[in-house]
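Quick notes on the structure that follows.
Protein chains in written order, with my numbering: chain V, 3 to 319; chain E, 929 to 1214.
Right, dumping it as structure tokens:
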């Protein structure tokens, strides 16, 4: 293993299923932290994750995770955990047995495997009586949790999660997101694909946008948003005189749209030049004509970026 | 290969984590046997294995016996024509083809492929688990047949079973069972990796095994049954319906037959490992 390589690298990777394109010419470097894969159904997110973990092999290009390749299974899978989207399990097992059987293949002692199994189940809040029931009787949310427990049980440095929030109730979603956040803070790679952009957006350090098998954008969410120059940025300003603020702002030509907040105590403004916009806002605040309470970007998130770059029909703009 | 590259290859082999692979293989075999093989779904294989024992038991209870030598011929026919040609063949098809393909159909194979176990170790562990299961099942069935066949003869039967030639025949039958399970197991494991439905391939193999004795000697080397025929301790007379399935071939010594079949198994398993290494998980197309 290359001890200095702490990244996941895709170098000009393509994958074709016969004549069907999976992903095409993906070059990507992912640093530690939480990375969200965003794209419509069939965009290539799962293919990208399967390539990363060796479940499928690239037609072209190379992939390395922390300097390791999936063909070196012994080292690779000690460092990588993958919670795949397939909602199926070996027959007849309890949740505890399922995680324990997986850990036993790492070559560790039975005692250590028991300990790690109990720890993983506790982390996903599936300990106690539920873990000793047959998986066949689990709800969808419980099955999602047991797969997550199996993926994190061996303390991987890279955790790949394909739609990990599917089937979870709001409480379980919040717990899972908190867990991902904690793992990201510990310096792990957490790569998540999800349709629930609002929730993932809160914890993601960076976003990878993919559609039709092509990489559209990647990087820090705010940086990616800034790169989308043809879509003016929207800012919500909480203030005591939103109408006055809007009229002042419209005096400059980079402000293209204003919309009052539903409660009448704020205004959404769109601007084509965010730096000029903030400068002018400062001047207005200093003048004292408008008392500004709060300023926050309103479309500086994965959901908005998705809409702008990919659109609701899934085709890149 | 030069001396230097040979030394390098030996050094590379020594650096491999053999002890870890051994632990993983043992644990996987244990998991496989527990999870997949001794289950209610395998009831029909139990039926295949033990139906001759039930029939022999029926004869033991209600019929008079024909004599040890006649029953020895009957048992030879049961092993050669029923077990090798049908029961072990279809039993191994059921056991070995579901080791990989069955898990693909149930969409659970990826858990193994995402574990820190080399794919070759996964495949060989599954093969070994299948071999243990089939050998235990069909070995036990053949022992049961043997004991029931001679139990009615009292002291003479016991003497026949515990000393030569009876004991030697039982050893030969058990060797045949082991080799048949390994041979057919390796082939069905390969077929299950190559085809979504291994049944047409299995039917072709069944036909190949049937016509193999009349093929040129070179082609006979690619048949499990042809090797096993040379290990039979008792020749089944080629009369009546037996004549359709039995062809006299030149005798081959037992050790040549055993080594030949083992070599065939190694070749098949090596290619299966190669296929396993390139296996991709795309359940939607499986």
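For glycine and all other residues, C-beta sits at the position ideal for the given N, C-alpha and C.
So is residue i in contact with chain E if we call contact Cβ pairs under 8 Å?
i: residue 277/V; result: no
i: residue 76/V; result: yes
i: residue 141/V; result: no
i: residue 135/V; result: no
i: residue 90/V; result: yes
i: residue 280/V; result: no
i: residue 19/V; result: yes
Just mark residue i as buried or exposed, buried being the case when its beta carbon has 16 or more other beta carbons within 10 Å.
i: residue 1039/E; result: buried
i: residue 74/V; result: exposed
i: residue 1214/E; result: A caution first: residue 1214/E carries a pLDDT of 48, below 50, which makes its placement in the model unreliable, though a value can still be read off. The residue is exposed, with fewer than 16 neighbouring Cβ atoms inside 10 Å.
i: residue 130/V; result: exposed
i: residue 298/V; result: exposed
i: residue 280/V; result: exposed
i: residue 959/E; result: buried
i: residue 303/V; result: buried
i: residue 1011/E; result: buried
i: residue 291/V; result: exposed
i: residue 222/V; result: exposed
i: residue 976/E; result: buried
i: residue 1116/E; result: buried
i: residue 255/V; result: exposed
i: residue 1097/E; result: buried
i: residue 48/V; result: buried
i: residue 204/V; result: exposed
i: residue 180/V; result: exposed
i: residue 1131/E; result: exposed
i: residue 218/V; result: buried
i: residue 952/E; result: buried
i: residue 147/V; result: buried
i: residue 251/V; result: buried
i: residue 1087/E; result: exposed
i: residue 1095/E; result: exposed
i: residue 1147/E; result: exposed
i: residue 983/E; result: exposed
For residue i, which residues in chain V fall below 7 Å Cβ to Cβ?
i: residue 1045/E; result: 75, 107
i: residue 1042/E; result: 55, 79, 84
Is residue i close to chain V, meaning its C-beta is less than 8 Å from at least one C-beta of that chain?
i: residue 1036/E; result: yes
i: residue 1209/E; result: yes
i: residue 943/E; result: no
i: residue 1202/E; result: no
i: residue 1039/E; result: yes
i: residue 1051/E; result: no
i: residue 1214/E; result: Low confidence applies to residue 1214/E: its pLDDT is 48, below 50, so where it sits in the model is not reliable, and the reading given next is rough at best. By this cut-off, residue 1214/E is not an interface position.
i: residue 1027/E; result: no
Find the residues of chain V that neighbour residue i, judging by a C-beta separation of less than 8 Å, and give them in chain order.
i: residue 885/E; result: Here chain E has residues from 929 to 1214 only, and residue 885/E is not among them.
For residue i, go through chain V and note every residue whose CB falls closer than 9 Å to its CB, in chain order.
i: residue 952/E; result: 76, 106, 107, 108, 109
Starting from the beta carbon of residue i, find every residue of chain E whose beta carbon is closer than 7 Å, and list them in chain order.
i: residue 103/V; result: 959
For a contact meaning CB atoms closer than 8 Å, what does residue i contact in chain E?
i: residue 94/V; result: 963, 967
Which ranges does the beta strand (DSSP E) cover as unbroken runs of at least 3 residues, wholly within the stretch 242-310 of chain V, from first to last along the chain?
257-262, 268-273, 294-299
Name, going along the chain, the residues of the stretch 59-70 of chain V whose beta-carbon falls closer than 9 Å to a beta-carbon of chain E.
59
Ordered list of alpha helix (DSSP H) runs contained in the stretch 1038-1125 of chain E, each at least 4 residues
1038-1041, 1047-1079, 1082-1090, 1094-1122
Short of 8 Å Cβ to Cβ, which residues in the stretch 165-195 of chain V face chain E?
none
Using a Cβ-Cβ cut-off of less than 7 Å, give me the residues of the stretch 956-978 of chain E that come near chain V, in sequence order.
956, 959, 963
Whole beta strand (DSSP E) runs in the stretch 152-214 of chain V with 3 or more residues, listed along the chain?
160-164, 191-195, 208-213
Using a Cβ-Cβ cut-off of less than 7 Å, give me the residues of the stretch 1112-1130 of chain E that come near chain V, in sequence order.
none
For the stretch 37-52 of chain V, which residues have a CB atom closer than 9 Å to at least one CB atom of chain E, in sequence order?
52
Would you mind listing the alpha helix (DSSP H) stretches within the stretch 49-130 of chain V that are 4+ residues and don't spill past its ends, in chain order?
75-81, 97-106, 112-125
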